[in-house]
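Visitor:
Residue numbers (the numbering used here), protein chains in the order written: chain A, -8 to 328; chain B, -8 to 328.
1) At a Cβ cut of 7 Å, what residues of the region 265 to 277 of chain A count as close to chain B, listed as they run along the chain?
2) Excluding the five sequence neighbours on either side, which residues of its own chain have a C-beta within less than 8 Å of the C-beta of residue 147(A), listed in chain order?
3) Taking all protein chains shown into account, decide if residue 331(A) is buried (16 or more other Cβ within 10 angstroms of its Cβ) or exposed.
4) Against chain A, does residue 43(B) count as a neighbour if the rule is that its beta carbon must be under 8 Å from one of theirs?
5) For residue 297(B), name the three-state secondary structure that DSSP assigns.
6) By a C-beta neighbour count over all protein chains shown, 10 Å radius and 16 as the cutoff for buried, is residue 12(B) buried or exposed?
7) By the 10 Å Cβ neighbour count, where 16 or more other Cβ atoms means buried, how is residue 196(B) classified, buried or exposed?
8) Does residue 53(A) pass the burial test, meaning 16 or more other C-beta atoms within 10 Å, or should it be called exposed?
9) Answer yes or no: does any C-beta atom of chain A fall closer than 8 Å to that of residue 25(B)?
10) For the beta strand (DSSP E) holding residue 132(B), just list the boundary residues, first then last.
11) On a Cα-Cα basis, can you pick out the residue from 285(B), 184(B), 177(B) and 183(B) that is closest to residue 194(B)?
12) I'd like to confirm the pairing. Which residues does DSSP put opposite residue 247(A) in its beta bridges?
13) Hey, is residue 309(A)'s beta-carbon within less than 8 Å of any beta-carbon in chain B?
14) Kindly list, in the order they appear in chain B, the residues whose Cβ is closer than 9 Å to that of residue 324(A).
15) Step through the CB atoms of chain B and report whether any lies within less than 8 Å of the CB of residue 198(A).
16) Using a C-beta to C-beta distance shorter than 8 Å, which residues of chain E count as neighbours of residue 316(A)?
17) Within 8 Å (strictly less), CB to CB, does residue 100(B) reach chain A?
18) So, at 6 Å on beta carbons, what are the nonlocal neighbours of residue 122(B) in its own chain, with the 5 sequence-adjacent residues on each side left out?
19) On the CB-based measure, 16 or more other CB atoms within 10 Å of its CB, does residue 200(B) come out buried or exposed?
20) Along chain B, which residues have their Cβ under 8 Å away from the Cβ of residue 32(A)?
21) Does the count of Cβ pairs from the region 57 to 65 of chain A and the region 25 to 32 of chain A closer than 8 Å reach three?
22) Mind listing which residues of the region 176 to 194 of chain B have their C-beta closer than 9 Å to chain A's C-betas, in chain order?
23) Beta carbons nearer than 8 Å to chain B: which residues of the region 3 to 21 of chain A have them?
24) Name the one or two DSSP bridge partners that residue 336(B) has.
25) Mind pulling the chain B residues with CB within less than 9 Å of residue 306(A)?
26) I need the straight-line Cα distance from residue 303(A) to residue 269(B), nearest angstrom please.
27) Please list, in chain order, all residues of the same chain as residue 180(B) whose beta carbon is under 6 Å from its beta carbon, the five residues on each side excluded.
28) Grab the span of the beta strand (DSSP E) containing residue 177(B) for me, first residue to last.
29) For residue 320(B) and chain A, any beta-carbon pair shorter than 8 Å?
30) Is residue 235(A) helix, strand or coil by DSSP?
31) Would you mind sorting residue 7(A) into buried or exposed? The rule is 16 or more other CB atoms within 10 Å of its CB.
32) Considering only DSSP beta bridges, list what residue 155(A) is partnered with.
33) Compute the beta-carbon to beta-carbon distance between residue 190(B) and residue 174(B), rounded to the nearest angstrom, for a pair I have assumed lies under 8 Å.
34) Mind checking whether residue 310(A) and residue 271(B) have CB atoms under 8 Å apart?
35) Considering only the beta carbon of each residue, do residue 3(B) and residue 317(A) sit closer than 8 Å?
36) Which residues in the same chain have their Cβ closer than 8 Å to the Cβ of residue 97(B), if we skip the five residues on either side of it in sequence?
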């Protein structure tokens, strides 16, 4: 029985092994991914992103517990692009285990960077596909930080949560302006802290800029119009199958607001399926995955064809300013052919 | 006269034009880069990174002012990977202009994301090369946020500053563990705030873990041994030409600590040249640039050879789970040949 077949039959040890091979991009990992791919497409992928200090990890733990109460199998993929060298991700696993230990319906995988731009996103794609094929119904993809790579990873999801918290300083505002546009659901975590009202107000006014319709129909998170207008508990129809990101307050440390947040996540999934956006998003996701993988495969082919020594000779010429990088690479690419 | 020649002759308008073309990766931009490349290699590239809320932008402005007092020409490249959609970078330009307006020895360029992992880093490389060729002696490369892409961009520099500030919350500690390892100089900005001592202590104990020698010789930022042991004002020799990152306190709003910080930056440059690390770092940087550009050129060649319609057919097969992404790409790559 192949590793992939063992994963499909529910073998946790095989799952852990395959995840490691996929993360390390070994030939066995690649073969496993190929074998599992036909079994993917069943999971709801939920991305969780936001600045440091917002309590994302605790929130993700609480989300996992909430989905477990519904008997759903949950995988957590914690991606840490900001910790490129040390074992922070491993420590993260231990801390989480306290809450979720011993539950066979939960699987947690932490990943640190793969050392290159794109490498981490590529590995995340593979890890998520393995969990998907293995029958996890909800896959929570958590990224630490709020940079471009985190945004790219969060985009791999069907539903993206952007987490904020009161009182995180000035620069946060600037980040939100961009990151808001990828949010399907906004979460104000640590909502028992002072400043929660002004944080929510700031988010709401930014949302109003992004979705002018929201201003008319919503007020303090509560829709002002009855459900007959297509409004459903914060997520509402814009007319062309649109979705206005609801704002949810949570206190991850005691679980407040979690039921409402889970409801919003499920409503978003329903909305995606109803509107046809589910398959459109999947297509966009597959296209992004395709491009990432293509990049990796083209580089691998190039390095297999061009000797290290040739590369070094060209780099010498570049460092000596005798050739521009582009001119040097054009020569090498001709040789590759 | 070509645009590149105008840039070399000191034409600011030509410089601005070429920067735009390089940022947009137009054929004229590429030709300009090729033409300018032999003139690069003179600038000291200084990367500045750190979490939001640390006051990096003000610090970068102050650094520029300090270098201007030494009659050095300074370029600032402000890279914002966390603002993928909106015009935050442009606003940044305006805010900065108040401090540095009208000084012909300063040029500021803000960049938002190029829409893809790696694209922004690639554009940054080009912008920095143009400034370098144009004779700017110091190039300050500032990144917003502290994710992997920021780290990758900061690494393009000879000297990397990691900026911290007191009281930024718990998650910051986790980030520092990784990011510390790329720091040549640590800056505790907003050093007039409460908590500065504990922030510096935390940084120092992490440094001790990374560089065990430092623990013996340094105490509260002051070397405990005389210069004869190779110690120079916080930056010290480890025996094999190593460098222990000094910790500098600054208050960017009033300029406190800036002379000492500038001194550390210059000492680091001297250290790099003395130890041979200058050219080793340049080599590593050129290798990274090479890989980024190679990626871009391989993708461009692929997309020129493979029709969009073929790509769409393969994506259909992948979405229908008939082919795995890797199998589909292998077919397409055969066709490319």
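Think of the CB as a built atom: it goes at the ideal place given N, C-alpha and C, for glycine as much as any other residue. Being a predicted model, the structure only gives us computed values, none of them experimental.
Guide: On the basis of the supplied data:
1) 273, 274 and 277
2) For the purposes of this step, residue 147(A) is identified with residue 156 of the first chain, where counting begins at 1. If we look at residue 147(A) and ignore the five residues flanking it on each side, its Cβ neighbours are 36, 38, 112, 115, 116, 119, 132, 276, 279 and 280.
3) Nothing in the structure corresponds to residue 331(A), since chain A is present only between -8 and 328.
4) Here residue 43(B) refers to the residue found at position 52 of the second chain. Taking Cβ atoms only, chain A reaches closer than 8 Å to residue 43(B), which makes this a yes.
5) The residue labelled residue 297(B) in the question sits at position 306 within the second chain. Of the three classes helix, strand and coil, the one that applies to residue 297(B) here is coil, per DSSP.
6) On the second chain, residue 12(B) is found 21 positions in, with the first residue counted as 1. Residue 12(B) comes out buried.
7) As a first step, residue 196(B) is located in the second chain; it is residue number 205 there, counting from the start. The residue in question, residue 196(B), is exposed, as its Cβ has fewer than 16 Cβ neighbours within 10 Å.
8) Walking along the first chain from the start, residue 53(A) turns up at place 62. Buried, because 16 or more other Cβ atoms sit within 10 Å of the Cβ of residue 53(A).
9) Along the second chain, one-based indexing puts residue 25(B) at 34. Yes, its Cβ sits closer than 8 Å to a Cβ of chain A.
10) Residue numbering aside, residue 132(B) sits at position 141 when the second chain is read from its first letter. It spans 129 to 134 - the beta strand (DSSP E) in which residue 132(B) sits, taken as one unbroken run.
11) As a first step, residue 194(B) must be located in the second chain, where it is residue number 203. Of 285(B), 184(B), 177(B) and 183(B), the residue nearest in Cα terms is 177(B).
12) Within the first chain, numbered from 1, the residue matching residue 247(A) stands at position 256. The partner list for residue 247(A) (beta bridge, DSSP) reads 242(A).
13) Mapped onto the first chain, residue 309(A) falls at position 318. It does: the Cβ of residue 309(A) has a partner Cβ on chain B nearer than 8 Å.
14) Counted from its first residue, the first chain places residue 324(A) at position 333. In chain order: 285, 288, 289 and 292.
15) Translated into positions along the first chain, residue 198(A) becomes position 207. It does not; no Cβ of chain B falls within 8 Å.
16) Reference to chain E is not applicable here, since the protein chains of this structure are A and B.
17) Counted from its first residue, the second chain places residue 100(B) at position 109. False, the Cβ-Cβ gap to chain A never drops below 8 Å.
18) The count along the second chain starts at 1 and reaches residue 122(B) at position 131. Once the five neighbours on either side are set aside, the close Cβ partners of residue 122(B) are 66 and 130.
19) Along the second chain, one-based indexing puts residue 200(B) at 209. Label assigned to residue 200(B): exposed.
20) The residue given as residue 32(A) occupies position 41 in the first chain. Those are 312, listed as they occur along chain B.
21) no
22) none
23) 21
24) Lying outside -8 to 328, the shown extent of chain B, residue 336(B) is not represented and no answer is given.
25) As a working note, residue 306(A) is residue 315 in the first chain. Chain B residues near residue 306(A): 274, 277, 278 and 281.
26) As a working mapping, residue 303(A) is identified with position 312 in the first chain. As a working mapping, residue 269(B) is identified with position 278 in the second chain. Straight-line Cα distance between these residues: approximately 18 Å.
27) Translated into the one-based positions of the second chain, residue 180(B) becomes position 189. 45, 46, 50, 154, 156, 241 and 243.
28) As a working note, residue 177(B) is residue 186 in the second chain. From DSSP, the beta strand (DSSP E) with residue 177(B) extends over 176 to 179.
29) The sequence position of residue 320(B) within the second chain is 329, counting from 1. It does; some Cβ of chain A falls within 8 Å.
30) Counting from 1 along the first chain, the entry for residue 235(A) is found at position 244. If DSSP states are grouped into helix, strand and coil, residue 235(A) belongs with coil.
31) Residue 7(A) sits at position 16 when you count from the first residue of the first chain. Exposed, by the Cβ-count rule.
32) Counting from 1 along the first chain, the entry for residue 155(A) is found at position 164. DSSP lists 179(A) as partners of residue 155(A).
33) Within the second chain, residue 190(B) is the residue found at index 199, counting from 1. Within the second chain, residue 174(B) is the residue found at index 183, counting from 1. Contact doesn't hold; Cβ gap of about 14 Å is too wide.
34) On the first chain, residue 310(A) is found 319 positions in, with the first residue counted as 1. On the second chain, residue 271(B) is found 280 positions in, with the first residue counted as 1. No. Outside cutoff.
35) Residue numbering aside, residue 3(B) sits at position 12 when the second chain is read from its first letter. Residue numbering aside, residue 317(A) sits at position 326 when the first chain is read from its first letter. No, the Cβ-Cβ distance between residue 3(B) and residue 317(A) is not below 8 Å.
36) Stepping through the second chain from its first residue, residue 97(B) is reached at position 106. Within the same chain, residue 97(B) has close Cβ partners 55, 59, 64, 65, 66, 67 and 91.
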